[in-house]
Structure formats: C-alpha cells, structure tokens
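J.:
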Ligand code: PBG
Ligand code: ZN
C-alpha cells in the first residue's frame, strides 16, 4: 500500500489552477429555482423583515420581476401566493382567478421561465393548517379533494409543475389522477417527499402569514429524527407517480439527500429553506461570516450531497454576483 512519504495528497492542492480542475462538484446555477411570493394585498413590493433582500410582490410587480429574472438568466421560479381573504377551507387556493393562478398565466405569457407552483392550503386557510380541520385534527382524505382542485386550477393556467407540500398521504396519486383525467398529462409533479417538521420554516411563515393558529404540523410533516421513514416517504411518492422527488430542509438533511441520490433514479430536488437563508444572511450582515463564501460553500455542499435541483432564496444573488 502506498503511504506517506510516497503518498502526498497535498500535491493535488498545490495551486489554485490545480485545485480548480480537480474540483469534483461544480454547481450549475441553471439548476437553481428561485422562490417568489405573490401577494394579493399589496401594491408594488414589500421586504420580508426576517429575510432581508427577499420581497413579496404584487401581481404586476411579480410579472416584471419575473422578466428581470429571465434577463438575468434564471431558468425557473417556485410561486407562493398570499391571498386577500382566508377561510376555513382555503378556497382562494383553488379559485381560478386566485393570486397564484393569475401570476402563473401572466408569467407564462410574458416569459419563458419554468413555473413551479407550491400546492398547499396553509397560506389560504384561516387556521393556517395544510388541510381541512375537524376539531383538532387535520383530515387526510378530504384534504386530497382540495389539493386536486388546486392542481387543476394551476394546470389550466399553464403551470409547468405543481409542487404539493402538505405531506398528506396519497396526495401525489390524487393529483396525478386529477391532472390526467383533465387532459394535463404533461404537467409535472415535484413532490415535497421527505419534508420534515422544522423550526427553519419560521421566516417563511412570517413571509406568507401561514403559521398554524393552534398546534403544529408534526402530525403530517416528518419527525427529523427519522431517516428510514424519510426513505419510505420518498418511495410512497414514487409509487404514486411523482416525477421529481424532494428533500426539505436541505443543509441539516444532507444525509437524507445523499441516501435518496444513491437509492432512486429520479430527479432529486433539495429545498434550502427560509431560515437557512436568514441565518446565513444575518451572520453575514453582522460580519460574522463572509456572505459570498458561505453561499458558495453551502450551495456546493447541497449539490455534493446529490441534489439535482436546488431551491434557494440565494438564487437571484448567485446570478447577480456571479457566485458560480
Ligand atoms: C407550505 C410550505 C412551507 C414551506 C414551503 N411550502 C411552509 C410550511 O410547511 O410551514 C417552507 C419554505 C421555507 O421555509 O422556505 N406548506
Ligand atoms: Zn402547507
């Protein structure tokens, strides 16, 4: 066996040029997806206080922002909606003239961006849960019917991919069936497959006013102590017809991303969530870390773990500042 002093691994790190050509993982920014909040209640745009640099956009503003993204070279966006009115059933989520539906139609008409749209109820329900409430419980099967309606309303407007994030059992199968029977065989499903119940979503919930008014999401989102169960969740979504699988959050879950990459042949997305953004941004603003270097390291790490697509609030920054 070749050992020191014959073996000298430092030889391969001797100059910037050598290090560069030997780098194993190279992030392709084209594979990054930029999340966008479209807010029915505002004019212009509004910065999200817990996520400096990230905004909620009115419909018009979202369309011009999308054009700006396209000019920058960004390939895809993930839309979230904030409705004017919320109710018990989250009916604005499946209204054909709801905020996301309008945004899908216009961005589709005016750009060539790939449009992913988050499919859930929590931004639209008065109680902030991701499904229909019966007493204190979130009902699974009746919720699926509403998810089907949301999927259809997005597909009618020309969405490229729906992204169900509610973690109800059977959601992918129910949505696939709805799409297929309504003539939308080509609409992609990107399933939030292994989505963990995480405090890292709290800036998002502030952004979208979607925190649950009672209890929490642990009866549907996963326990972060569970690795094998995450694999079962992904298997379930694949069986049900998911086209793209997802692990969320990303940075604390690189083991799950790696395992999913090794086990499954499907395109794999990783969602670097709101607090991953806020934590890095905050530390950088307080001069504790260097922003560009940490964006580079964290994004490369998610890619090295095996993600094909990376959903990140840093996408716009990465393009603007040529981080990759
Ligand atoms: C909706 C949804 C959430 C996120 C994506 N889709 C919030 C939640 O589950 O509470 C979180 C994204 C983020 O934190 O960036 N269910
Ligand atoms: Zn939800």
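Residue numbers (my numbering): 536 to 859.
Heads up, the beta-carbon is just placed ideally off N, CA and C, and yes, glycines get one too.
1) Can you tell me whether residue 635 is helix, strand or coil according to DSSP?
2) Are three or more beta carbon pairs between the stretch 793-807 and the stretch 739-746 nearer than 8 Å?
3) Since residue 610 and residue 575 should fall inside the 8 Å C-beta cutoff, what is the C-beta to C-beta distance between them, to a whole number of angstroms?
4) Just to confirm, is the Cβ distance from residue 780 to residue 700 under 9 Å?
5) Would you say the beta carbon of residue 727 comes nearer than 8 Å to a heavy atom of the ligand PBG?
6) Which residues in the same chain as residue 553 place their Cβ atom closer than 7 Å to its Cβ, once the five residues preceding and following it in sequence are excluded?
7) DSSP three-state label for residue 759, please.
8) In whole angstroms, what is the alpha-carbon distance linking residue 793 and residue 578?
9) What ranges does the beta strand (DSSP E) occupy inside the stretch 608-689, keeping only unbroken runs of at least 3 residues that lie completely in it?
10) Please tell me whether, using a cut-off of 8 Å, the distance from the CB of residue 748 to the nearest non-hydrogen atom of the ligand PBG is below it.
11) Please work out which residues of its chain come closer than 7 Å, Cβ to Cβ, to residue 707, disregarding the five sequence neighbours upstream and downstream, and give them in chain order.
12) Are the CB atoms of residue 731 and residue 533 within a distance shorter than 9 Å?
13) Identify, in the order they occur along the chain, each residue of the same chain with its Cβ nearer than 8 Å to the Cβ of residue 639, setting aside the five sequence neighbours on each side.
14) Please report the residue range of the beta strand (DSSP E) in which residue 889 lies.
15) Sorted by chain position, which residues of the same chain lie with C-beta nearer than 6 Å to residue 637's C-beta, five sequence neighbours on each side aside?
16) From the DSSP output, read off the bridge partner residues of residue 831.
17) Look at the alpha carbon of residue 795 and the alpha carbon of residue 766, and state the distance between them as a whole number of angstroms.
18) Between residue 678 and residue 667, what straight-line distance do the alpha-carbon atoms span, to the nearest angstrom?
19) Is any non-hydrogen atom of the ligand PBG found closer than 8 Å to the C-beta of residue 783, if you look at the structure I gave you?
20) Name the one or two DSSP bridge partners that residue 847 has.
21) Does the ligand ZN have a heavy atom nearer than 8 Å to the CB of residue 701?
22) Helix, strand or coil, according to DSSP, for residue 751 in the structure here?
23) From the DSSP output, which residues share a beta bridge with residue 721?
24) If we call anything under 9 Å between Cβ atoms a contact, is residue 782 one with residue 810?
T.: On the basis of the supplied data:
1) Numbered from 1 along the chain shown, position 100 holds the residue referred to as residue 635. It is helical.
2) Contact between the stretch 793-807 and the stretch 739-746 is absent, because fewer than three Cβ pairs lie under 8 Å.
3) Locating residue 610 in the chain shown gives position 75, counting from the first residue. Locating residue 575 in the chain shown gives position 40, counting from the first residue. Actually they do not touch by this definition, with Cβ atoms about 26 Å apart.
4) In the chain shown, the residue the question calls residue 780 occupies position 245. In the chain shown, the residue the question calls residue 700 occupies position 165. It is not a contact, given that the beta carbons lie outside the stated cut-off.
5) Residue 727 sits at position 192 when you count from the first residue of the chain shown. Yes; taking the cut-off as 8 Å, the Cβ of residue 727 has a heavy atom of the ligand PBG nearer than that.
6) Here residue 553 refers to the residue found at position 18 of the chain shown. Take residue 553, set aside five residues on each side of it, and the residues of its chain with a beta-carbon closer than 7 Å to its own are 547, in chain order.
7) The sequence position of residue 759 within the chain shown is 224, counting from 1. In this structure, residue 759 counts as coil in the three-state DSSP scheme.
8) The sequence position of residue 793 within the chain shown is 258, counting from 1. The sequence position of residue 578 within the chain shown is 43, counting from 1. Their Cα atoms are separated by approximately 42 Å.
9) Qualifying beta strand (DSSP E) stretches, in chain order: 611-617, 649-654, 667-669, 672-674.
10) Taking the chain shown and counting its residues from 1, the one referred to as residue 748 is at position 213. Not a single heavy atom of the ligand PBG lies less than 8 Å from the C-beta of residue 748.
11) Translated into positions along the chain shown, residue 707 becomes position 172. So the list reads 699, 724, 726, 772, 775, 776, 777, once near-sequence residues are dropped.
12) Nothing can be reported for residue 533, as the shown portion of the chain is limited to 536 through 859.
13) The residue given as residue 639 occupies position 104 in the chain shown. Cβ within range, chain order: 614, 650, 652, 689, 692, 693, 694.
14) The displayed coordinates of the chain run from 536 to 859. Any statement about residue 889 would go beyond what the structure contains.
15) Position 102 of the chain shown holds residue 637. Excluding positions up to five away in sequence, the list reads 594.
16) To locate residue 831, count along the chain shown from 1; it is residue 296. Per DSSP, residue 831 has no beta bridge partner at all.
17) Translated into positions along the chain shown, residue 795 becomes position 260. Translated into positions along the chain shown, residue 766 becomes position 231. When the Cα atoms are used, residue 795 and residue 766 turn out to be separated by approximately 7 Å.
18) Within the chain shown, residue 678 is the residue found at index 143, counting from 1. Within the chain shown, residue 667 is the residue found at index 132, counting from 1. Spanning the two alpha carbons is a distance of roughly 5 Å.
19) On the chain shown, position 248 is the one that residue 783 refers to. Set against 8 Å, the gap from the CB of residue 783 to the closest heavy atom of the ligand PBG is smaller.
20) One-based indexing of the chain shown puts residue 847 at position 312. DSSP output for residue 847 lists 807 as bridge partner(s).
21) The residue given as residue 701 occupies position 166 in the chain shown. Relative to the non-hydrogen atoms of the ligand ZN, the Cβ of residue 701 comes within a distance shorter than 8 Å of at least one.
22) Translated into positions along the chain shown, residue 751 becomes position 216. Note: residue 751 maps to coil in three-state DSSP.
23) The residue you call residue 721 lines up with position 186 of the chain shown. For residue 721, DSSP records no beta bridge to any residue.
24) Position 247 of the chain shown holds residue 782. Position 275 of the chain shown holds residue 810. Contact annotation: residue 782 and residue 810 have beta-carbon atoms that are not nearer than 9 Å.
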